[in-house]
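Chemist: The numbers in the numbering used here rise by one with no breaks, and the one at position 220 of the sequence shown is 220.
We put the CB at the ideal spot given by N, CA and C, even for glycine.
All of these numbers come straight from a predicted model, not from anything done at the bench.
Structure in structure tokens, see below.
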Amino acid sequence: MTSKLTEVSTSPQAAKPKAALPKPTVANEQANKVFIIGLPRTGTTSVSVALLEQGLTVAHQAFTKQAFMLADAVSDAPCFSDYQQLDALFPNAKFVYLDRPMDKWLPSMQMLLGRMLVHLDKDKGRFHPIMKRSFNHSFDIWQVEDVFDEAHLTACYQRHQQQVMSYFAGRDDFITIDISVAGSFATLLQFIDLPKPDTAKFRQLQYPQLQSQPQNFPQLSFPQLNFPQLNMGRNVASWDEYKHPNKISANASGPDKRKFFDYRLD
């Protein structure tokens with residue numbers, strides 16, 4: 001069954017006044033959620049896999065209430081577009097913004113859109129309605145003539161970044177990291193109150209599936225206490241390929257079947 005939002009947004013992302021945010025309406029099974037709110041191609045899969053290996057349940061994308069309830073951490077769509085609404089629904093959550101140098105992000109995002117755009121079509125695209133409206137909200141894909149234009153994508157990235165930084169300014173439940181920077185993994189673990197792995201055992205124990213199946217992940221490196229390097233180059237399927245019992249389905253069904261929250265994006 002395909003779930004739908006109360007309203008699908010067709011307007012660019014805009015700052016939202018506090019009064020427009022939803023009130024918490026669901027019982028939060030895990031009080032201290034972690035939401036990864038970096039845009040696609042900033043390392044959301046790498047962070048998701050790293051958190052799986054630290055014992056968290058993780059949803060890389062979440063399109064149902066139940067997926068949010070089951071996951072300790074949620075990344076990618078719709079977190080990067082819906083962080084204000086999620087902040088209201090989960091007031092004890094922590095938020096992690098992922099930054100990436102523009103010269104790295106732009107070609108990677110252009111590649112991703114080249115593979116996804118046909119499936120993000122408002123009427124005929126096969127992707128989930130929440131994914132489609134999340135991408136439109138952040139990248140205006142239903143409004144612009146050339147979504148691949150560097151100036152357009154740069155403006156989208158900067159707009160998202162500025163709005164995130166403005167919204168979370170002065171708060172201690174928010175951090176920003178660049179996963180390519182040494183020490184960023186330890187910074188994340190400290191922020192979400194997880195113990196730092198034993199460096200003597202880290203290389204042998206971290207990401208065991210990736211190490212045992214290098215043919216599926218040919219461009220990985222495993223520096224101690226760093227994130228795995230996933231979805232490199234044109235690869236966009238590392239999350240699907242990575243098998244782990246802590247993975248939460250984006251379409252998990254629960255008491256409300258596969259319904260999503262009833263908030264709106266303006």
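#1: Expressed to the nearest angstrom, what Euclidean distance is found between the alpha-carbon atoms of Pro223 and Val96?
#2: Would you mind reading off the limits of the alpha helix (DSSP H) that contains His119?
#3: Cβ of Ile179 within 8 angstroms of Cβ of Phe227?
#4: Tell me whether Gly38 is buried or exposed, calling it buried when 16 or more other Cβ atoms sit within 10 Å of its Cβ.
#5: Mapping DSSP to helix, strand and coil, what is His152?
#6: Identify the continuous beta strand (DSSP E) that holds Phe35 and give its terminal residues.
#7: Pull up the DSSP beta-bridge partners for Val58, would you.
#8: Among the residues of its own chain, which have a CB less than 8 angstroms from the CB of Ile141, if the five just before and after it don't count?
#9: Out of curiosity, what's the CA-to-CA distance linking Ala67 and Ala73?
#10: Might you give, ordered along the chain, the residues of its own chain that have their beta carbon closer than 6 angstroms to the beta carbon of Asp256, omitting 5 neighbours on each side?
#11: Is Lys257 helix, strand or coil when you go by DSSP?
#12: Exposed or buried, which one is Pro107 when buried takes at least 16 other CB atoms within 10 Å?
#13: In the DSSP assignment, find the unbroken beta strand (DSSP E) run with Thr176 in it and report its ends.
#14: To which residues does DSSP link Val49 through a beta bridge?
#15: Roughly how many whole angstroms lie between the Cα atoms of Asn246 and Ser253?
#16: Straight-line CA distance for Arg264 to His60?
#17: Taking the alpha-carbon positions, what's the Gln219 to Ser238 distance?
#18: In three-state terms, what does DSSP make of Tyr97?
#19: Where Leu70 and Met102 are concerned, what is the direct C-alpha to C-alpha distance, given to the nearest angstrom?
#20: Measuring alpha carbon to alpha carbon, tell me which residue in His160, Ala62 and Thr44 is nearest Phe185.
Modeler: Quick look at the numbers:
#1: Per-residue confidence for Pro223 stands at a pLDDT of 41, beneath the threshold of 50, marking its modelled position as unreliable; no derived number is given.
#2: Segment: none, His119 is in no alpha helix (DSSP H) and carries neither H nor E.
#3: Their beta carbons are under 8 angstroms apart, which means Ile179 touches Phe227 by this criterion.
#4: Its Cβ being crowded by 16 or more others within 10 Å, Gly38 is buried.
#5: DSSP places His152 in helix when its eight states are reduced to three.
#6: Following the DSSP letters along the chain, one finds Phe35 inside the beta strand (DSSP E) bounded by residues Val34 to Ile36.
#7: Answer by DSSP bridge pairing, in chain order: Ala73 and Lys247.
#8: If we look at Ile141 and ignore the five residues flanking it on each side, its Cβ neighbours are Leu113, Leu117, Leu120, Phe135 and Val147.
#9: Taken atom to atom, the span from the alpha-carbon of Ala67 to that of Ala73 is near 10 angstroms.
#10: So the list reads Lys65, once near-sequence residues are dropped.
#11: The three-state secondary structure of Lys257, taken from DSSP, is strand.
#12: With a threshold of 16 other beta carbon atoms within 10 Å, Pro107 falls short and is exposed.
#13: Counted as a single uninterrupted DSSP element, the beta strand (DSSP E) harbouring Thr176 occupies residues Phe174 to Ile177.
#14: For Val49, which the question treats as bridged, DSSP gives no partner whatsoever.
#15: Straight-line Cα distance between these residues: approximately 16 angstroms.
#16: Linking Arg264 to His60 through their CA atoms gives a straight-line distance of about 22 angstroms.
#17: Low confidence applies to Gln219: its pLDDT is 39, below 50, so where it sits in the model is not reliable enough to give any reading.
#18: In this structure, Tyr97 counts as strand in the three-state DSSP scheme.
#19: Going from the Cα of Leu70 to the Cα of Met102 covers about 34 angstroms.
#20: Relative to Phe185, the option among His160, Ala62 and Thr44 whose CA is nearest is Thr44.
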